[in-house]
Each structure stands twice: as C-alpha cells, then as structure tokens.
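K.L.:
To start, I am sharing the structure in question, which I have written as structure tokens.
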C-alpha cells in the first residue's frame, strides 16, 4: 500500500446537468510519471481540480499516501504535498517572480523575513532542479516557458511531493516542451510523483510510466506505457477508430485570390507580432499556417481580416489592393472575404443572442436582411432555418440562445454564416478547438468542399495534425515570421523543428 | 507678508477640507486594490456622519459617536461586499444603491429620532472632537514664516487630521510590506492566483471591504463631529465622488492619493476664498464656476491628458472559478 | 458550458424572479417604516389610496410616472450598449434650457403645438449634447462613463444655478426661475382621458407629455430590437470583441447610444416645465434622473417592463406625499430608500434567489425526465 501516492475511489461530480466525472477510480504509484489522457471535455481537468481542492466531489474518497483525506480547498491539498501547474498560469502578472512564489506562503505577517528566506530557497531549488529564473523579474516580461517554470517553483517552494501539470505543453515550443520533460524526469528521480494531463499522445509515450485514459467523464483504462501503443490509446480515447486522414483529392489551384506582402503587425503593447510576412493563397487551395500558439498567427489573421491595423505591408484581395492601415472588416466582407475567427465565443458569436441573430453577425447591413434602417426579421429567421438544416445544427431552434448550444454546434453556426456567403477567400482560425469528434469530421469535410468549389482557404491551427491533413501547402510561423513552406506530407519532426525556430531545419532533419 | 498670511489661511483650510477626502479615498483604495469598485463611498460617509452625530449627542461621547460611525459604515460596506463578492452582482449598481439608501435613511431616521428637519442636535463639549495644539505652538508663532507655518498650518488640527495624514504612509507600508498587502494587491490583479495559492478570495475581499468601511466611518465622523458640530442632511455633498476621482487621478497609489486630495481640497478652499472677489486680469468669476471647477478638472484629468490611469486588472469583475 | 445557470422557463426568468426581488425590497422598506414607529401595512394602504384612490391622485401618479418613463428609457438604452449612464439627472437638468428657451422665445406668437415641437427638439438636443461629452470621452479617451457622468451631474447643477440666477431670472424678481410662459407655452392636460372613464382629474398636472413618453417607449423598442442600429448597440453591449469582428464601429455606437440616452433623459424636462409649472425653476428634475436607474433595472431594460415600473414609482411619489400628511415621520425621502433598495435587490442582488429557484425547478424537471445529460465540456 505504501507505494501508492494517490488513490481515488468512486469520484463523482456533476455541474448542473453535466456529468463531468462518473465514478472515477485511479491509483498513482509513488515516484512515477503518470499520464492522464483524453479529449477536450473528457473530464480530466475537473478530476484534477477535485484533487487540488478547487472543486468538491459529490461522491467518492481520496487517499494520499494511503491516508484518507477530505480536500475541501487548495490549502488542504498544499498541506498534503500536492502542487498544481495550471493550464492558464495562475500568476499575478505585474508582480515579481519572488512575490508570486511567496504569495500564500509568506511565513509571517510582515514580509521582510519571508523575502530573505524565499530568496535562499529559490536559489536552492534553482540548483537542485536546474530551474533558473531571475527572482526580481516581472512576470509579464518573461516568456511563457519561464512563466511555467515559476509555476513549478511555486509548487516546489510549498514542498510539493505530488505535482499535477494540466496541459503544460499547449503554449510551449517543442524545444521548450523537451526541456520541461527533462525537468519532470529529474523531479521523478528525486522521488516526486507527477500527474501529467494532456491530450497529446506523443507526450504520453515520451515521458510517462503509466497512463490512464478518460472518455466522456469516465476512466476507461489504465496501461503501462511501455506495453501500449499510440493506436491503442487513440482508440481508447475516442472510442472508435480515428479518422487520421481526411479524404480529399488533389488541389487544383487557380488565380491568386489573396496576396500578402511584407505585412508587419504590432500588438497593443507595441510589440511586433507579425514581421514582414509575405504569402499568397490561390483559388482552390488550402494554405495552412502551422505554429505554436502565440507566434503571431492570431495577429496575422486579424490584420488580414481587417480587425487589426497593420503597421506596414500590402494586401491584395482578388487582385484589388486592401488598405491595411484602416480597420474595415465590413468592407472586406462585401468584397468576398469570410472569416471564421479563432475565438468563437468572444468574437465569432454573441452568446446571449439567439441563433438567428448570430447568423447575421457582420452581415446585418446586407439588403437581404434589412429594409433601409430596419431589420427584416422574417427573412433573418427563414435564412437561419435554412442554415440549421444545411449544417445539421442541433437543437434546430433559431430562437434558442447561442450559449445553450454545444461547442460543435456553435462552431457550425459560425461556419454556416461565413461559408454560405459564397466568399472568394475564406479565413479560418482553429476550426475545431473545443469541438466534439463528430463535428470535427463534418467541419473538415466542409472545408475541403469549400476548396473544391474554388475558394481560396487560409487555415490557421495549432493542431499540427489538422494542418497536415487539410492543407495543400504548409507555412510555418515562428516569432512573427514565416520560417518555411513545406508540403503537408513533410515529416512531423521537420515541421516541429521549424515551429521551434530552428532555422536550418532541413539539415537537422537529415 | 499679507499675501503670505492669506496663503497660510488658504492652506490651512485646504488641510481641513482635504481630510475627509483623504480618508475616503484611502478607503476606496483598499477596496479597489482588492478588485471591488466602490462608488458608494459617498453613501457610507453620509451614513457614518449621521450615526456619529446621532450617537455622540445621545450618549454624550465623541468616542461612542466615532464607534457608531464606523459600525454603520462597515455594515453598509458588508452589504456592498455581499452583493459584489458573494452574489457576484454589478459593483457599480450596488454602490449606487447604497448611496440612495444612505441618503434616504439618514433623513427619515434623523427626522423620526430628533425632529429637527433631518439634523442631529448640536454637539457640545466632549461630544465632538477638539483641536490639539502642538507643543510650543504659541511660543514659536512669532518667528517669521517658519513659526507661522508651524503654529498656524501644522498645529491646531484635530487628532483625526493627523491620523488621516499618518494613514498615508501606513497604507503604503501595509500594501507593500505586509502579507495582507501582498495578497490584497494580488487579489485585485488575478484572484485565480490567490485562490490556487490556498488563500480564500472571498474572505480576503471581505477584509478589504471592511477596511474600506472603517475608513469611511472615520471620514464621516470627521464631517459631523470635527469639521462641524452635528449632522446636516446631505452634508457629504459629493465629497465621496471627489474622493473617488482623486483615487483614480492618483492611479490607486497611497502617496499620490494624498496629493490628489490636497489638490482638490486646495481648489475647494480657493473657491470659498475667492467668492465675490475679482481675479486680476480675468475679472469676477461666477461662484458657480468655482464650485464646478473641481469636477471640470476631474473630467479633464479623466480624459487622460495627463497619462493613463490603469485600474487593478480584476477590478469590477466578480470572481468565478473557471471550469 | 459557459451559462452559469441552467435554463428556466421564461415566465420564471422574466416574471417570478423580478417579482421576488421586488417583494424583498419592499419588505425591507417596510422594516424601515416599522423602525420609525409606524405600521407598514397602514402606510401601504395610505399609499395606494393616495396614488389610486381618487382622480387627482391618479393624475399625479401618472404625472410623476411620465418623468420616470423618460429617464428609465434613457438608462435602459445605455444598458443595452453596456454603458451605465448615471448622468440622466444632469442631462435632464440642462435639457430644461432646451424647453424653456423655445417657450420664452415663441410663446407670444406661435401656437402651442409649434412651441411643443420646438421644445421636444430642443430638450432632446440639449440632453444629447450634455451626454455627448462623456460619451465621446468614453469612446475616444477611455474615461469611464460612470465617473464622467457623475461629474457632469455636478457641473450641470452649477451651470443651471448660474443660468437661472444670473441670466434667465426676470429683472426685479427674487426667485431663481424664468418668467411664466404664456398659454402657448403650456401643454394641454389630458382631462379628456379621465372624463372617458368618468373620473375627475382635479388639479393634477397630467399632460400630453405622458403620451409622448409612451410613444418614445415604442420608439425605443423598435430601435433596439428592430433596427440595424439597435442590433449594433446590443452586439456592443454583449460583446465588444464580437462587435469589432463584425465591423461595428465601437466609438460611433458608444457616442450615438449616449446621445440617445441623453435625449431621452432630456425630454423628461418637458413634463414639469411645460406640463406643470409653466416656467423653469431651480432643481425641477428633483432626482427623477436617478429614479430612472431603479426603473430600468426593475423593468429589465425593456419598455414593456419600464412603463409599469415607472407607474409604480409614480405611485410611490404621489402616495408618499399623501402618507406624509398622515404620518409626519415618513417624508418623501422614504422613496429614496425604496429606490436604493430596488436598485440593490433588482440590480446588484438580482441573482440572489436564482440558485434556489433553479434547484427547485431542476428537481421538478429531473423528477419528470428522470435522467441527466451525458458528460461534456
């Protein structure tokens, strides 16, 4: 019994009508790296939040080192030696590293003594685990990789023996991810127990000793990593054979529809996020932009679709120049540019609107939906019903608030709106983020259909698999630049190196 | 020398009118640095002024008056806390509600209890605060300039006045040198970080709101028990809003708050002083313009012509755990 | 799953919950009445009797309600855009000039309807102008509209004192007010509506501006829910980033909305100035701009809710005046308390009873359906 660090028995949790965790059992051996894998929404994060005391389970027991324990808040978890690195870092951005590490573990009412101690302790941890970071740096000025390191330091500073990492590599380059895995190995060697939550099979295979698979709120299997395979895990995760490749014929590229030349875009902090980027998209092809999140893809999409001003550069839409220094998404729409934004919930939709109202977002000026200054409600509803049928949006109710649709159906509402405009150029960001498997297939098919209908499609996704299976040409973006163009069947390793900013990737790949 | 004496008089009244502003603005600082916006400073101050004036006259004790002022103000602060922390309601709406409840209740209760048209009885000796003379104030008064500054400007204020000014460095120290301050600033920027560090966001924010209530209590007590001798209907007359503006102008920093409040106090003192007097070159300025000047200046300042005021990032947003 | 609460039937959402919130607000107000030694039940009885018991009372109730329809609509329009316009009071006050000046210029020779028309335009323009600056500052400089509109209330107050005392006061008069308007500067009363019902309105100043208020309620409904502009306003209010995506110009919508809001608040000035006093007096707004906040919250920013909420507050004003004859302890300031309580319970604490009610309906729902949904995000 002594070698079990964590044991969960019959953990059950409901959020209203959503059954997030169903009767979960889990055993994690001490001194191992244990992976938990599952699709988005499988209930992994909920389970970890219960273990960390962020939520209380409705039912079930938790044992830490064989002792039954009721974790009513994170304090109890910290006391029991559990530390957590959250997917969205829980750091105070305008505080220093030191202040963040101390927060909640200050030792005394007055800070002075605590500061001295924290400094020493940080130095010790730095040496022990090679976790170097300047204690006086301000968090928001650090790159994400270092911010994550601060999160790990926070946990270790509190004496964590069990470390939970929730999707830690989502924001990291492959290089940074490798570094993280080395740190994890080292922590394991020191006797720490690590729970790694991810939906990326490759990471599981690379670092874990054991792996548990979650699907739709249930724990479906636990395997020893050495004795399982990617295929088996993928099947367990999804519950059936994954469609690894989308059926598509060869592309028949035509005229250049979208041309971008030397585009530079600055973010609100004044940092250049897109640097001198040039590319073209032809009718009848899908150009995919691969890259780790935060390398300028979002800013590029926003600038091309007219939501964000560019600093300099030129863009042509169907041969006509676009004024990149003014924001005019409506004008671009009229000229045949459709845009499925990355952030569906905040940009693509107004969640408090009903489906029919969202079906005209951005197009409410269209004479089809309006008479002079008034909206033509009948025409709007009728149009919405047509889209519901055509895109199989469920439930089929144009008056239902958008917030009450599932992620996949919300995305279909956006796709229907943008694709049914019969655009010349279609820009799509993260088409399947937070979308269930069934809808993913549907969405991928639609994107291919758009291509085959002769549309120029620009696709941005952080899912490399998605880019590789959909795109006809792959552009890799790193640090605001396009660092290479490859065919979609290029090896993952080579693309990964490009995404990590290794300039001579071709040589490295050989 | 005549100009110098006039200046001393104006500065002295600047200090006098700045005190409630400083207390109220620091009150707002504790609340807003913790992420709870508070436009109910006015209401809390008013209720405290009433409770102070009423209790002091009924029990014949300034200390009991002060206690009552603080108690009532903290109660209202807790209502605001309940609405914005526990119930996650709109903080602006809650603040507006508290202003009206205080405005109405002070008159209704005052009339019911004292029947003096919304006033509380005139406070006598011992029922109100008195000024204190600093040592040797009288002896040093004759020394030119410095003596005058010492005995006329620095000496002769209420204890509450010295307390208010002492509170400025104290608040700075609390904010940047204590555990409570560290957590307070953190919860106003990213409550998630505080929550995952095992600290209760709710309790922390309630403590911040209570601090706000206590200081508003002092501010109210100063109005009805120090500056005047008794409560008068609606006596805060917008001071809570001026304090709020000062807090924004000061970018939520304690020492800046003091200077902003002194500036607005100075404008106020000037407008009283200049009533009916013609200004050189400009001629006579309407009284109403002088009265509106602090508000006009505040708007100009708010318009961002002197740098941008960035509020605490989590300000005004109720904390909801992500799922 | 971003919806914090499970779905409730519409009648619960729009009927039951607001009703419970209001009941609690009035219950607390009742406690205050109790605290000053009077009976809340008797007070409520007096109030209803005073507000609806006789023709003149009803007339006054509707006269006050007219003010609150205008100011309630003003606050509601801004709410739809995600803006909190606390400046209705100042906007209405300044708009008094837009009413008084046309009356003073035209009342000697123009017929009343032309004066009325000029005053409508004048009040709307003046109110809109006073709201324009905070709107512009919010849109272009990012100054929080809540704070700037508060400041503008104070500035308006100083400005109007100056204008009334130093500019518009007739020579030789002591009172800070304009001269009385001639007959064509006075709005017709709506006695005929009362005569139909066989009631005598007595001296109540219930006048034509009430009908204008109802017309504006319809206009607001149409603009918000049936026009492209309204669609843009609501998009902005719910999600500024979606508005940006849709190509809606943020600053334009903020400024237009604030001006609409100011214009509505401004029209309120017609009622007391042209409809009742027939001159402009000091402080003629009397807090109606602030009552609009309570009215808009209670009416859930929808004209169909705002009109009854305004009538309820009209009842409080008129009934409150009647109570103070019988119960000298309870002055009109009682209404300020009720106003605060309504804002608190219908606004800031609007969801206080929702979890309990949701649980209640969920248990009833699951009992019927007998199953829960499968897992999902």
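Chains as they are written, first to last, in my numbering: chain A, 1 to 510; chain B, 511 to 833; chain C, 834 to 1210.
Where a beta carbon is used, it is the ideal one built from N, C-alpha and C, also for glycine.
#1: Please state if the CB of residue 58 of chain A and the CB of residue 14 of chain A are separated by a distance shorter than 8 Å.
#2: Which of the three DSSP states is assigned to residue 514 of chain B in this structure?
#3: Can you tell me where the alpha helix (DSSP H) with residue 682 of chain B in it begins and where it stops?
#4: Name the chain F residues whose beta carbon is nearer than 7 Å to that of residue 746 of chain B?
#5: Compute the Euclidean distance between the alpha carbons of residue 1189 of chain C and residue 607 of chain B, then round it to the nearest angstrom.
#6: Residue 970 of chain C: buried (16+ other C-beta within 10 angstroms of its C-beta) or exposed?
#7: Of all Cβ atoms in chain C, is any one closer than 8 Å to the Cβ of residue 606 of chain B?
#8: Return the Cβ separation of residue 1009 of chain C and residue 937 of chain C in integer angstroms, given the expectation that the two are a contact with Cβ distance under 8 Å.
#9: Helix or strand or just coil, what does DSSP make of residue 373 of chain A?
#10: Check the DSSP bridge columns for residue 280 of chain A and list the partner residues they point to.
#11: Along the chain, where does the beta strand (DSSP E) that runs through residue 19 of chain A open and close?
#12: Could you run through the segment 90 to 109 of chain A and flag, in chain order, every residue whose CB is less than 8 Å away from some CB of chain B?
#13: Exposed or buried, which one is residue 726 of chain B when buried takes at least 16 other CB atoms within 10 Å?
#14: Please compile the residues from chain C whose C-beta is within a distance smaller than 9 Å of the C-beta of residue 801 of chain B.
#15: Looking at the strands, I want to know which residues DSSP matches up with residue 293 of chain A.
#16: Based on the DSSP output, what are the partners of residue 358 of chain A in its beta bridges?
#17: Just the C-alpha distance for residue 632 of chain B and residue 567 of chain B, rounded to the nearest angstrom, thanks.
#18: Could you please give the first and the last residue of the uninterrupted beta strand (DSSP E) stretch that includes residue 119 of chain A?
#19: Can you give me the start and stop residues for the alpha helix (DSSP H) that residue 74 of chain A sits inside?
#20: Measure the C-alpha to C-alpha separation of residue 241 of chain A and residue 446 of chain A and round it to an integer number of angstroms.
#21: Do you know whose CA, among C/1107, C/929, C/927 and C/1179, lies nearest residue 1138 of chain C's CA?
#22: If the cut is a Cβ gap below 8 Å, which residues of chain B does residue 1164 of chain C touch?
#23: Using a Cβ-Cβ cut-off of 6 Å (strictly less than) and excluding sequence neighbours within five positions of residue 318 of chain A, which residues of its own chain qualify?
#24: Taking 7 Å as the limit between beta carbons, can you name the residues of its chain near residue 747 of chain B, skipping five residues before and five after?
#25: Taking C-beta pairs closer than 8 Å, name the residues in chain A that residue 512 of chain B reaches, listed in chain order.
#26: Count the other CB atoms within 10 Å of the CB of residue 472 of chain A; is the residue buried (16 or more) or exposed (fewer)?
#27: Report back the beta-carbon spacing between residue 1187 of chain C and residue 980 of chain C to the nearest angstrom; my notes put them in contact at under 8 Å.
#28: When DSSP labels each residue in this structure, what does residue 598 of chain B get in the three-state scheme?
#29: With respect to the alpha helix (DSSP H) encompassing residue 45 of chain A, which residues constitute its N-terminal and C-terminal limits?
#30: Taking only beta-carbon positions, decide if residue 589 of chain B is within less than 8 Å of chain A.
#31: For residue 30 of chain A and residue 36 of chain A, which I take to be in contact (beta-carbon distance under 8 Å), what is that distance rounded to the nearest angstrom?
#32: Excluding the 5 residues preceding and the 5 following residue 1174 of chain C in the sequence, name in chain order all residues of the same chain whose CB lies nearer than 7 Å to its CB.
#33: Hey, out of C/1160, C/1133, C/1036 and C/873, whose CA is closest to residue 912 of chain C's CA?
#34: Would residue 307 of chain A count as contacting chain C if we go by Cβ distances under 8 Å?
#35: With a threshold of 8 Å, are at least 3 pairs of Cβ atoms found where one atom belongs to the segment 348 to 363 of chain A and the other to the segment 1059 to 1079 of chain C?
#36: List, in order along the chain, the chain A residues whose C-beta lies closer than 7 Å to that of residue 1061 of chain C?
P.N.:
The answer reads as follows:
#1: Locating residue 14 of chain A in the first chain gives position 14, counting from the first residue. Locating residue 58 of chain A in the first chain gives position 58, counting from the first residue. Going by C-beta atoms, residue 14 of chain A is nearer than 8 Å to residue 58 of chain A.
#2: Stepping through the second chain from its first residue, residue 514 of chain B is reached at position 4. It is helical.
#3: In the second chain, residue 682 of chain B corresponds to position 172, counting from 1. Looking at the DSSP string, the run of the alpha helix (DSSP H) that includes residue 682 of chain B is 669 to 687.
#4: You won't find chain F in this structure, because its protein chains are A, B and C.
#5: Numbered from its first residue, the third chain carries residue 1189 of chain C at position 356. Numbered from its first residue, the second chain carries residue 607 of chain B at position 97. Taking the straight line joining both Cα atoms gives about 24 Å.
#6: Here the question's residue 970 of chain C lines up with position 137 in the third chain. Burial call: buried.
#7: As a working note, residue 606 of chain B is residue 96 in the second chain. Taking Cβ atoms only, chain C reaches closer than 8 Å to residue 606 of chain B, which makes this a yes.
#8: Counting from 1 along the third chain, the entry for residue 1009 of chain C is found at position 176. Counting from 1 along the third chain, the entry for residue 937 of chain C is found at position 104. Actually they are not in contact, since the Cβ atoms of residue 1009 of chain C and residue 937 of chain C sit about 15 Å apart, beyond 8 Å.
#9: Here the question's residue 373 of chain A lines up with position 373 in the first chain. In this structure, residue 373 of chain A counts as coil in the three-state DSSP scheme.
#10: On the first chain, residue 280 of chain A is found 280 positions in, with the first residue counted as 1. Residue 280 of chain A pairs with A/259.
#11: As a working note, residue 19 of chain A is residue 19 in the first chain. Counting along the chain, the beta strand (DSSP E) containing residue 19 of chain A begins and ends at 18 to 29.
#12: 90, 91, 92, 93, 94, 95, 99, 100, 102, 103, 104, 105, 106, 108 and 109
#13: Here residue 726 of chain B corresponds to residue number 216 of the second chain, with the count starting at 1. Buried, by the Cβ-count rule.
#14: By one-based count along the second chain, residue 801 of chain B stands at place 291. Ordered by position in chain C, the residues that pass the 9 Å Cβ test against residue 801 of chain B are 987, 990, 991 and 994.
#15: As a working note, residue 293 of chain A is residue 293 in the first chain. The partner list for residue 293 of chain A (beta bridge, DSSP) is empty, contrary to what the question assumes.
#16: As a first step, residue 358 of chain A must be located in the first chain, where it is residue number 358. The partner list for residue 358 of chain A (beta bridge, DSSP) is empty, contrary to what the question assumes.
#17: Here the question's residue 632 of chain B lines up with position 122 in the second chain. Here the question's residue 567 of chain B lines up with position 57 in the second chain. So the two alpha carbons sit approximately 8 Å from each other.
#18: Looking up residue 119 of chain A in the first chain gives position 119. Unbroken run through residue 119 of chain A is the alpha helix (DSSP H), 111 to 129; no beta strand (DSSP E).
#19: In the first chain, counting from the first residue as 1, residue 74 of chain A sits at position 74. Here the alpha helix (DSSP H) through residue 74 of chain A covers 74 to 79.
#20: The residue you call residue 241 of chain A lines up with position 241 of the first chain. The residue you call residue 446 of chain A lines up with position 446 of the first chain. Annotation note: pLDDT 44 at residue 241 of chain A (below 50); position unreliable, coordinate value reported separately. Distance between the alpha carbons of residue 241 of chain A and residue 446 of chain A: 21 Å.
#21: Counting from 1 along the third chain, the entry for residue 1138 of chain C is found at position 305. When only C-alpha atoms are compared, the closest one is C/1179.
#22: Along the third chain, one-based indexing puts residue 1164 of chain C at 331. Within 8 Å Cβ-Cβ: 617, 618 and 621.
#23: The count along the first chain starts at 1 and reaches residue 318 of chain A at position 318. These residues qualify, in order along the chain: 257 and 424.
#24: Translated into the one-based positions of the second chain, residue 747 of chain B becomes position 237. So no residue of the chain qualifies.
#25: Mapped onto the second chain, residue 512 of chain B falls at position 2. By Cβ distance, chain A contributes nothing, its closest Cβ being about 50 Å from residue 512 of chain B, past 8 Å.
#26: Taking the first chain and counting its residues from 1, one reaches residue 472 of chain A at position 472. Buried, by the Cβ-count rule.
#27: Working through the third chain from its first residue, we reach residue 1187 of chain C at position 354. Working through the third chain from its first residue, we reach residue 980 of chain C at position 147. About 30 Å; that fails the 8 Å criterion.
#28: Locating residue 598 of chain B in the second chain gives position 88, where the first residue counts as 1. Note: residue 598 of chain B maps to coil in three-state DSSP.
#29: The residue given as residue 45 of chain A occupies position 45 in the first chain. Its alpha helix (DSSP H) spans residues 44 to 51.
#30: The count along the second chain starts at 1 and reaches residue 589 of chain B at position 79. It does not; no Cβ of chain A falls within 8 Å.
#31: Translated into the one-based positions of the first chain, residue 30 of chain A becomes position 30. Translated into the one-based positions of the first chain, residue 36 of chain A becomes position 36. About 17 Å separates the two Cβ atoms, so there is no contact after all.
#32: Position 341 of the third chain, counting from 1, holds the residue named residue 1174 of chain C. These residues qualify, in order along the chain: 858, 861 and 862.
#33: Residue mapping note: residue 912 of chain C aligns to position 79 of the third chain, counting from 1. When each option's Cα is compared against that of residue 912 of chain C, the closest is C/1133.
#34: Residue 307 of chain A sits at position 307 when you count from the first residue of the first chain. So, interface residue.
#35: yes
#36: Taking the first residue of the third chain as 1, we reach residue 1061 of chain C at position 228. Within 7 Å Cβ-Cβ: 364, 365, 370, 373 and 375.
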